[in-house]
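Down below is the structure, laid out as structure tokens.
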Amino acid sequence: MNLSILHAGLLVAGACAVALPILIHILLRRRRTPVQWGAMKFVLEAYQQQRKRMRLEQILLLLCRCLLVACLGAAIARPFWPQPQSAAVSGPQTLVLFIDNAAASGASESGGTSVALDLHLSAAQRLVAELDAARGDRVGVITLASPAEALVWPPSGDLGAVSRVLAAIRPMASGSDMSGGFALTQESTGEGKTTQSAQRWAVLSEFRAGSLDVGAPPALTLVPPQVQLVISEAAQRGLSNVTIADAALLEPVIVLGAGSARDEEMNIGAVRVQLVRSGPLPAASSTVRVILHEAGAPQGEVASSTNMSWPTGARQQSVTVTTPRGTLSRMRQPVLSVTIDRDALAVDNEFVLPIVPRDMLTVACVAPAVESPLASLGTRGGVEGFSAADWMYLAIEPGGIDGAGTGIRRLWIEPGALATSPLSDVDALMIAAPHALNDAGWKSVASFLDRGGVVLIVPGGSTPVQVWSDAVATLMGAPFSMSREPRQWPVPASVTAVDPPANRVDPLMLLRAEMTALLNPVTVTRQFVIQPEPTVQPLLTTIETKADGAAGLAAPLLVSLDRVGAARGRMYLFAAATVPEWTDLPTRPLFVPLIQELVRQGLGSSSTPLVQRAGTALMAPPGAMTLTSLTVQGRTLAVSPRGATLDAVRERDVFNVVDQRGLGVGIVASAVDAAATNLDVQDDAAVRRTLATMTGLVDSPQRMNVLGERGKTTSSVPDDATTAQARRDADRASANASRISMWLFAVAVVLGVLDLLLGRWFSHASVRHTKSALDSRMVIDRGDEGKERTS
Amino acid sequence: MSDPGSVTSSSPTASALERPPETDASLYLHPQTLARLASFELRAKMIVEGLSSGTHRSPFQGFSVEFAQHRPYVAGDDPRHLDWKVFGRTDKLQLKQYQQETNLDLIVMVDASGSMFYGSRPFAEASGVGTKASVDGRSTWSKYDHSTALAAALAYITLHQGDRVGLVIHADEVKLVTRRLSSMSAWRQVVGALSTHPVDSTNRNRPTDLARALDQALAKVTNHCIIAMVGDFFFDLDVLRAGLARIRHAGHDLIAFQVLDRQELEFNFTDTAPFEGLEGESRVRIDPRALREGYLASIRKHITGVESAIKGFGFDSMVVNTHDWLGPALAGFVARRNAQLKRGKAGRGSGGGADGGSRG
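Going down the list, the protein sequences come from chains A and B.
Be aware that the first sequence starts at 1, since it is given in my numbering, and climbs by one per residue.
Be aware that the second sequence starts at 792, since it is given in my numbering, and climbs by one per residue.
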């Protein structure tokens, strides 16, 4: 450990000033003229007797004065111990390695074989090699792939075992969880001795945008005061990388149907692939390939592919790729593998999308049969007397033949029987008479939603006043308010579509292209007014048409309702009864595809997501007990009663969902976290600021230093004026915090006082000058004289 | 002994031609001092032998005024000294013997070695007439100047009572000897010799060689004298004791005046400075305050040793500070000495001593 000097020039000046006392001494010697002395004999006698003592006194005085000047010079120079080294002065050290093995750590230079994580691990191995197990040094290892995981904690003194643990660390597919990593150390703060000894935390990461978001407010984890934070250098060069952020079938629900059609090769539609790009953003092209194959089995030939181009500066693109045809009924666990060209990051170049075909789609209409001519009379009675339930029921299967070839089966459930009806085989509920449901019926709806069902609620046209919106609010678990009485529009109001937010599933996605034309003839005469709430997402909105043709008030006509705290189930609500007295929508071309899409897209998004982001616990389908990896032998994840895996999944994988009977009931895939694959470089100062904020070291920048390429801690980051200034500030802060100068000043004061005392003592200034060599003798003489006189 | 009245010098460089004119005696001795000393008589502590009758007892019993003793007549004795009264009472021939009174020869031996030229007292303050510098340009009153004054005073006392005074100036050897005279011109001669001699630079860096100086001085003295030895006595005590023994053996009386400067007695220097000896000692840089205790102890021991040695031989001594006025100190010393002599004579008289009739 080296002592650093804040003002080295002053130290040199102080060192030169040490010569001042010597110079003064020499100058004074030369100036004196010799004293011609008669009684030299006695001076020499005294000099011979006291020469050694005088020499010692002079040396002590000179030493004292030189030290005084040296101490003053050193104190003004402001010496201080660099903080990182100060923690490692002596005694056992504790090294805590925070290794970023998130998705971005798998980045490699173009054509390179080693990834960033390899450099981090090498640096970690060097740091471990510097420790001494005999001295009691210990090492803790925490990987930062989200969620952060403590591989070696509490810190261990078995350095060899730690090295082996380090060698086994691999890049993951999740993001970086630095705050979680720091928080892990605090979980055992009060337990181990590690908090009492000097600790050195080494954060080894390239701090690319995918690993640390310098723009987001970081979670605060106060670092203990004895900890010195050492961070690796941030990446200086961006790497071009394209990530498959998402892939989804345009028609998420695939129904195999029955009969001979089931075994035929079928088209499962197109898959929409969303790509994001990071690093340098030149004009480029990418090839997206889609392969349909059995999960866990080797991939076959590329079934289809599409080339796309990237304009300069473009960060994201979406491309729709036609999926290959296949006989899904003959595949046990079909998946679609979407791949792109190899780039800096390999983990995000493939996206596995499980395919879950359904044999039959069952939709139940909940309404009193006596009020529904279609239910009681069929289509023979004409459409004039159709209730809202009839129109909904008809829209599900306009052909009127249940399950024949289409794979859709319709049910009619009386509202009073809903509580006792087995809904296990039902995929969607269309509640066309919500006013007729009792509490038990609503509870049954809630259970149905929890299993991942889709509920479509349509007000009954025969009831001018509704009170069931309270039950809807209960289902949502969030505030929901709808007018008790319907509003009558003076002039039939037009309807317009509302674009959903980007982060939400759009159930009307396939209709968007023709939505304007389909909505053009639709008018609304009467409807309930739904108050806007954060959990209420409008899909269609009624716009009042005034007499002069101008637009007036607006009110949601069709909304998607979010259930708070629920992962499954999907609810849609019409504000108007689907009868001509309220709206002419049932008679318009939009109605059938609208209801179909709401059911199918709702089913696609209401059930457990088939592809989930790495870094969290996976949600499993209802009834799942374990998830068994289809790519890694022996990897099994237990599922908690709440439906999520006990352990988080950090890698990209495909799991077979196994129920308590040991039977496979589905398939779930974990995909790379697209946000974690951002390989943009970040400003080093911003990284330091973020880490300082994250660790509570904003006011103690001297406790954060940079680890150089060779694993040596340096207090400087070259070629960055801001960082250099920050370093100077850190040095100044270290010097301010250091008490060395204060102690040196104190020593100088003590030396000054000592010099005064020694100078006065050695100068014999206290000797009385009036004393003479004859004083004592004269007393004797007077005594003798007195004796003579008396005698 | 050579002609006691001549002025001789052993130094070839100290020729009369090179000497400056004689200095006025008042330069060294204040008239008030002389007036005060005139009332005192310098008496020989011991019986000295003089060439002419005077106030001092003589060891030679002759036919003078003061009766000493009877002795039987033997053939050849002068019949004028027969005590006829005794013959008439006892019918025995007895000769009367008397204590012969003689005059006093004072030989003043002044040390002119290098160390004697040290002085710290301003010359103007010490000089009798307020002169600011000596004839050789010194602004300080040296020990030699004070010795000159002391010698002049002693000579004045001696001449004033009709005795003879001679002067010996010595350093490593005898430099100058003056003829003993009882006329007042001798005083001017003494003062003139002393005042002109210090300008002779040949005495610098010459330590005192007492044995040699005594050899040379005593070789010219055949009668018993009082030797007034004036100097700083900065020589070994063994040498001093040998010289004292020599003087004692020759039958001389001795009065030692140890002339020291006040700075030598107090050593009140404050600043560190190089000190250089006047008798060729090497230069040494010292802190005087640091050495003061040791120095004072050393010189105190030496002064005490000198006095003890002198008193051991029955002689008198006195330490003279150059910063003190000479008159009171010398008057007090002479008074004490005379008082001692009177007490001694009274003691011998009451005991039937032979010199009981000498004048006090």
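The C-beta atom is built at its ideal place from N, Cα and C for all residues, glycine as well.
What number of angstroms, rounded off, separates the C-alpha of residue i from the C-alpha of residue j?
{"i": "HIS1040 of chain B", "j": "GLU1098 of chain B", "result": "19 Å"}
{"i": "SER973 of chain B", "j": "ALA942 of chain B", "result": "15 Å"}
{"i": "ALA502 of chain A", "j": "HIS435 of chain A", "result": "34 Å"}
{"i": "MET392 of chain A", "j": "SER640 of chain A", "result": "38 Å"}
{"i": "PHE386 of chain A", "j": "LEU374 of chain A", "result": "7 Å"}
{"i": "PHE1048 of chain B", "j": "ARG1083 of chain B", "result": "24 Å"}
{"i": "GLY407 of chain A", "j": "ALA364 of chain A", "result": "14 Å"}
{"i": "CYS1016 of chain B", "j": "ALA39 of chain A", "result": "30 Å"}
{"i": "VAL1009 of chain B", "j": "TYR947 of chain B", "result": "For clarity, residue 1009 of chain B is Leu in the given sequence; the question names Val instead. About 22 Å."}
{"i": "ALA270 of chain A", "j": "ASP470 of chain A", "result": "40 Å"}
{"i": "THR922 of chain B", "j": "LEU758 of chain A", "result": "45 Å"}
{"i": "GLY951 of chain B", "j": "LEU945 of chain B", "result": "A small correction: the amino acid at residue 951 of chain B is His; Gly does not occupy that position in the sequence shown. Taking the straight line from one Cα to the other gives about 10 Å."}
{"i": "ALA940 of chain B", "j": "HIS961 of chain B", "result": "16 Å"}
{"i": "LEU256 of chain A", "j": "SER286 of chain A", "result": "33 Å"}
{"i": "ASP936 of chain B", "j": "VAL982 of chain B", "result": "11 Å"}
{"i": "ALA1130 of chain B", "j": "GLY1118 of chain B", "result": "18 Å"}
{"i": "ASP341 of chain A", "j": "VAL288 of chain A", "result": "8 Å"}
{"i": "ALA13 of chain A", "j": "GLY73 of chain A", "result": "7 Å"}
Who are the near neighbours of residue i in its chain, counting only those whose CB is closer than 6 Å to its CB and skipping five residues on each side?
{"i": "PHE1106 of chain B", "result": "LEU1045"}
{"i": "LEU239 of chain A", "result": "ALA107, GLY279, ALA344 and LEU679"}
By the 10 Å Cβ neighbour count, where 16 or more other Cβ atoms means buried, how is residue i classified, buried or exposed?
{"i": "SER605 of chain A", "result": "buried"}
{"i": "ALA550 of chain A", "result": "exposed"}
{"i": "CYS16 of chain A", "result": "exposed"}
{"i": "LEU62 of chain A", "result": "exposed"}
{"i": "ARG703 of chain A", "result": "buried"}
{"i": "GLU1057 of chain B", "result": "buried"}
{"i": "SER1073 of chain B", "result": "exposed"}
{"i": "ASP348 of chain A", "result": "buried"}
{"i": "PRO490 of chain A", "result": "exposed"}
How about residue i: is its C-beta nearer than 7 Å to some C-beta of chain B?
{"i": "PRO21 of chain A", "result": "no"}
{"i": "GLN48 of chain A", "result": "no"}
{"i": "TRP37 of chain A", "result": "yes"}
{"i": "ARG32 of chain A", "result": "yes"}
{"i": "LYS41 of chain A", "result": "yes"}
{"i": "GLU45 of chain A", "result": "yes"}
{"i": "MET54 of chain A", "result": "yes"}
{"i": "ARG782 of chain A", "result": "Reliability of the predicted coordinates at ARG782 of chain A is poor, the pLDDT of 37 falling under 50, and no value is obtained from them."}
Please tell me whether residue i has its Cβ less than 7 Å away from any Cβ of chain A.
{"i": "MET1069 of chain B", "result": "The sequence shown places Leu at residue 1069 of chain B, not Met. It does: the Cβ of LEU1069 of chain B has a partner Cβ on chain A nearer than 7 Å."}
{"i": "LEU1082 of chain B", "result": "yes"}
{"i": "VAL1075 of chain B", "result": "yes"}
{"i": "ILE1090 of chain B", "result": "yes"}
{"i": "SER930 of chain B", "result": "no"}
{"i": "PHE1066 of chain B", "result": "yes"}
{"i": "PHE1048 of chain B", "result": "no"}
{"i": "TYR935 of chain B", "result": "no"}
{"i": "GLY1096 of chain B", "result": "no"}
{"i": "GLY1022 of chain B", "result": "no"}
Go through its chain and collect everything with a Cβ distance to residue i's Cβ below 8 Å, but skip five positions before and after it.
{"i": "LEU884 of chain B", "result": "PRO863, TYR864, LEU873 and PHE878"}
{"i": "GLY477 of chain A", "result": "ARG563, VAL564, GLY565 and ALA566"}
{"i": "MET694 of chain A", "result": "MET178, SER179, PHE182, PRO218, ALA219, LEU220 and THR221"}
{"i": "PRO792 of chain A", "result": "The displayed coordinates of chain A run from 1 to 791. Any statement about residue 792 of chain A would go beyond what the structure contains."}
Can you list, in chain order, the residues of its chain with a C-beta nearer than 7 Å to that of residue i? Leave out the 5 residues immediately preceding and following it.
{"i": "GLU964 of chain B", "result": "SER801, ASP1000, ARG1003, ALA1004 and GLN1007"}
{"i": "GLY313 of chain A", "result": "LEU281"}
{"i": "THR542 of chain A", "result": "ALA493, VAL495, VAL524, GLN527, ALA554, ALA555 and LEU557"}
Item to complete: Pick out the complete beta strand (DSSP E) segments inside the region 479-560 of chain A, 3 residues or longer, and give them in chain order.
Response: 487-497, 523-527 and 536-545
Practice prompt. Taking only runs that begin and end inside the region 1059-1086 of chain B, name each unbroken beta strand (DSSP E) of 3 or more residues, in chain order.
Written response: 1064-1068 and 1075-1077
Worksheet item: Taking the runs of the beta strand (DSSP E) that are 3 residues or longer, which of them lie wholly in the region 569-621 of chain A?
Response: 570-574, 611-613 and 616-619
Worksheet item: What are the uninterrupted segments assigned as alpha helix (DSSP H) that are 4 or more residues long and contained completely in the region 957-1030 of chain B, given in chain order?
Response: 976-987 and 1001-1009
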